[in-house]
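If you read the first sequence in numbering that gives the first Met the number 0, its first letter stands for residue 0, the second for the next number, and so on.
Quick reminder that beta carbons are idealized off the backbone N, C-alpha and C, glycines included.
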Amino acid sequence: MSTDPVTTDTAARPVRVRFAPSPTGSLHLGGARTAIYNWAFARATGGSFILRIDDTDPERSTPENIAQIISALEWLGIDWDEGPVRGGDYGPYFQTERAASYVQALETLQANGWAYRCFCTPVELAAKREIARAKGGSAGYDGACRTLSEEQSQARANAGEPFVWRLKIPVDHGAIAFNDAVCGHTEFPADSIDDFVLVRSDGSPTYNFASIVDDAAMAITHVIRGNDHVSNTPKQILVLEGLGAPIPNFAHLSMINGPDGKKLSKRHGSTGVEEYADEGYLPEALMNYLALLGWSLDGETTLIDADTLKTHFNLEHIAKRPANFDFTKLTWMNSEYLRAMEPERFAHLMVECLARAGLVAYDDFEQRPDWYLTLTPLVSERTKLLTDIAPMTRFLFVDTVEPDETARKKVLEKDPTLVERALQVAQEILENIDPENWDTEHIEAAMADLPDSVGAKPRLAYQPLRVAVAGSTVSLPLNESMELLGREKTLARIRALL
RNA sequence: GGCCCGUUCGUCUAGCGGUUUAGGACACCGCCCUCUCAAGGCGGAGGUCACCGGUUCGAAUCCGGUACGGGCUACCA
Numbered sequence: 000m001s002t003d004p005v006t007t008d009t010a011a012r013p014v015r016v017r018f019a020p021s022p023t024g025s026l027h028l029g030g031a032r033t034a035i036y037n038w039a040f041a042r043a044t045g046g047s048f049i050l051r052i053d054d055t056d057p058e059r060s061t062p063e064n065i066a067q068i069i070s071a072l073e074w075l076g077i078d079w080d081e082g083p084v085r086g087g088d089y090g091p092y093f094q095t096e097r098a099a100s101y102v103q104a105l106e107t108l109q110a111n112g113w114a115y116r117c118f119c120t121p122v123e124l125a126a127k128r129e130i131a132r133a134k135g136g137s138a139g140y141d142g143a144c145r146t147l148s149e150e151q152s153q154a155r156a157n158a159g160e161p162f163v164w165r166l167k168i169p170v171d172h173g174a175i176a177f178n179d180a181v182c183g184h185t186e187f188p189a190d191s192i193d194d195f196v197l198v199r200s201d202g203s204p205t206y207n208f209a210s211i212v213d214d215a216a217m218a219i220t221h222v223i224r225g226n227d228h229v230s231n232t233p234k235q236i237l238v239l240e241g242l243g244a245p246i247p248n249f250a251h252l253s254m255i256n257g258p259d260g261k262k263l264s265k266r267h268g269s270t271g272v273e274e275y276a277d278e279g280y281l282p283e284a285l286m287n288y289l290a291l292l293g294w295s296l297d298g299e300t301t302l303i304d305a306d307t308l309k310t311h312f313n314l315e316h317i318a319k320r321p322a323n324f325d326f327t328k329l330t331w332m333n334s335e336y337l338r339a340m341e342p343e344r345f346a347h348l349m350v351e352c353l354a355r356a357g358l359v360a361y362d363d364f365e366q367r368p369d370w371y372l373t374l375t376p377l378v379s380e381r382t383k384l385l386t387d388i389a390p391m392t393r394f395l396f397v398d399t400v401e402p403d404e405t406a407r408k409k410v411l412e413k414d415p416t417l418v419e420r421a422l423q424v425a426q427e428i429l430e431n432i433d434p435e436n437w438d439t440e441h442i443e444a445a446m447a448d449l450p451d452s453v454g455a456k457p458r459l460a461y462q463p464l465r466v467a468v469a470g471s472t473v474s475l476p477l478n479e480s481m482e483l484l485g486r487e488k489t490l491a492r493i494r495a496l497l
């Protein structure tokens, strides 16, 4: 593929990428994916990852949102080399603190003949737009104020007439082209781009101005961002041309849609990263899933951890088409990470979940680590979400259990005779086990005779005992459960049903 | 309206002119394992590669058009 003549070759410069969220809400899935791609690309290329807060919209930007975005990134395990908290040589990293650099950029643009004042009022503009659109042409600004002489312009400004600064696109400018890492060669006819506003009448910069000025100032080499910015790219390239600054590489990521192919919204489920943490997802699972939503390592590998991402991520395998978010696959991935997790770590997470559910104390792991490490493999294998843990293991932490509806209907009430016999036999067997030998191995050996003794198939013979111990027809393995519950509690629960 | 972009199993994707009877993963179905539930093993179903036309000895792959979907078209980002 040939390099576009317009795109400055940045291969020689060290890679510098940035994630520049505007804090108008919490970090949503699309933003998180963009952050992951930027971060992984920086790590894989040995470059720098910069976090910049694009807070030029005073109406909607809040400190709470900034804090939330930062904590969401930290939770995901994304670290930045420069940005809020960390600082860096190209700061400040908040656009609201970079006003001086926009003023300077505007001066450069003026000096180069790339900017002019526009005194058209919003009302006039809206009317013009209306007419232009009705005629069927482009609805952009008609350039009415371009012809104002410097004297006229200055005079009107001095007189206190409000104005904005617009970019003055050269009349003879050809098509604006760039080579997008995802979309390939992309070209926009010059006349499809109007003299857009750079600086508002209140002196604040617009996004298309501030963002690219910052990118240039921060020596960004690759702009990796959402697809919704493709149409903004030629505008920003024009600003760079007016500034005489190098043009970075671009990579525009497709959007993330809901399972139904429509724009992802609350209706589909959670859209904010924080919510996934609350719902029991692991950051590594979300990162893996998001990374694969629009990118592939080799087309075969599905489980890709952060380390692999940090070494193998590239811009060559990014999909063009929008992806639908599949909660089921994410959940599966989560269960994979849960199962592969170090037992110690799982145990700690488990205790945390239990403590949060009010079932144990936060330091309970320290009180009986062996007990928890015995429990861990039984639970981790069955957990899809961290929030599954408390309900699954609850029976081990409460004093007594109440058989649930299914247990009553499908077991207790279905064959009371069998239930009674099974429980009685089980009680005898268990009472005969020496308290010192109360472990899965001995229990299992002793219980092996139960089906024969009660004259029922194993699945039917053990079910009453399961209901007695766990209060449900579905539970962790029986013998292990009894070991963990302890001899006294186990026998007490059997007695309670007799 | 204008300008851009996209379209491969239900979903995420591999595929860059012959190696493809289109590969993998999730979900789904069946069997095995089994004290329940999981996990695991084995197997299965599922795609006329949006449509139409062209280029070519040969196209999911290249070109054009159509349809559908999306983005931008703000003194939002």
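For the pair of segments examined, the stretch 336–356 was found to touch the stretch 275–284: the number of CB pairs separated by less than 8 Å reaches three. Judged by their CB atoms, SER253 and ALA318 are nearer to each other than the 9 Å cut-off.
Following the DSSP letters along the chain, one finds ASN248 inside the beta strand (DSSP E) bounded by residues 248–252.
Judged by DSSP secondary structure, CYS352 falls within the alpha helix (DSSP H) whose first and last residues are 342–355. Here the alpha carbons of HIS27 and LEU314 stand approximately 22 Å from one another. The beta carbon of ILE442 sits closer than 8 Å to the beta carbons of LEU429, ILE432, ASN478, MET481 and GLU482 from its chain, once the five residues preceding and following it are set aside; these are given in chain order.
Residue range 175–179 is occupied by the beta strand (DSSP E) that includes ILE175.
For THR33, the enclosing alpha helix (DSSP H) covers residues 28–44. Residue pairing by DSSP places TRP294 opposite ILE317 in a beta bridge. Contact annotation: the stretch 321–332 does not touch the stretch 370–382, with fewer than three C-beta pairs closer than 8 Å. Here LEU166 carries a strand assignment [DSSP, helix/strand/coil]. Of the candidates ALA250, PHE249 and SER264, the residue whose Cα lies closest to the Cα of ASN256 is SER264. Put simply, the backbone Cα of ARG51 is about 13 Å away from that of VAL212.
A Cβ-Cβ distance of about 6 Å is found for the pair THR386 and GLU278, placing them in contact under the 8 Å criterion. Apart from sequence neighbours up to five positions away, the residues of its chain that approach ALA244 with a beta-carbon distance below 6 Å are ALA215, ordered along the chain. In the structure shown, the three-state DSSP call for SER152 is helix. Taking the Cα positions, MET446 is about 7 Å away from ALA425. Of the residues assessed, ILE130 falls on the exposed side of the cut-off, its CB having fewer than 16 other CB atoms within 10 angstroms. The Cβ atoms of SER70 and PRO22 lie no closer than 9 Å to each other.
Look at ARG128 here: in three-state DSSP terms it is helix. DSSP lists VAL16 and ASN248 as the beta-bridge partner residues of HIS221. In this structure, the straight-line span from the alpha carbon of ASP193 to that of SER295 is close to 37 Å. Only residues of its own chain outside the window of five on either side were considered, and among them PRO450 have a CB closer than 8 Å to the CB of LYS456, listed in chain order. Under DSSP, ASN323 forms a beta bridge with ASN256. By the Cβ test, the stretch 139–153 is in contact with the stretch 115–123, since at least three Cβ pairs between them sit closer than 8 Å. Excluding residues up to 5 positions away in sequence, VAL453 lie with their Cβ nearer than 7 Å to the Cβ of ARG420 in the same chain.
Non-local C-beta neighbours of THR95 in its own chain, meaning closer than 6 Å and more than five positions away in sequence, comprise ASP54, ordered along the chain. Using a 10 angstroms sphere on the CB of ALA125, the tally of other CB atoms stays under 16, which defines it as exposed. Three or more Cβ pairs drawn from the stretch 385–399 and the stretch 342–355 lie within less than 8 Å of each other, which places the two stretches in contact. Two segments are said to touch when three or more pairs of C-beta atoms, one from each, lie closer than 8 Å; by this definition the stretch 289–304 does not touch the stretch 229–236. By the Cβ-count criterion, THR416 is exposed, with fewer than 16 other Cβ atoms from all chains shown falling within 10 Å of its own Cβ. Residue pairing of PRO204 in beta bridges, as defined by DSSP: VAL198. Take the alpha-carbon of THR220 and the one of TRP113: they are about 23 Å apart. As for any alpha helix (DSSP H) of minimum length 4 sitting wholly inside the stretch 357–429, the runs are 363–366, 368–379 and 388–392, ordered along the chain. Here the alpha carbon of LEU166 sits roughly 18 Å from the alpha carbon of ALA99.
The residues SER253, in chain order, have a CB closer than 7 Å to that of ARG320 in the same chain once the five nearest residues on each side in sequence are set aside.
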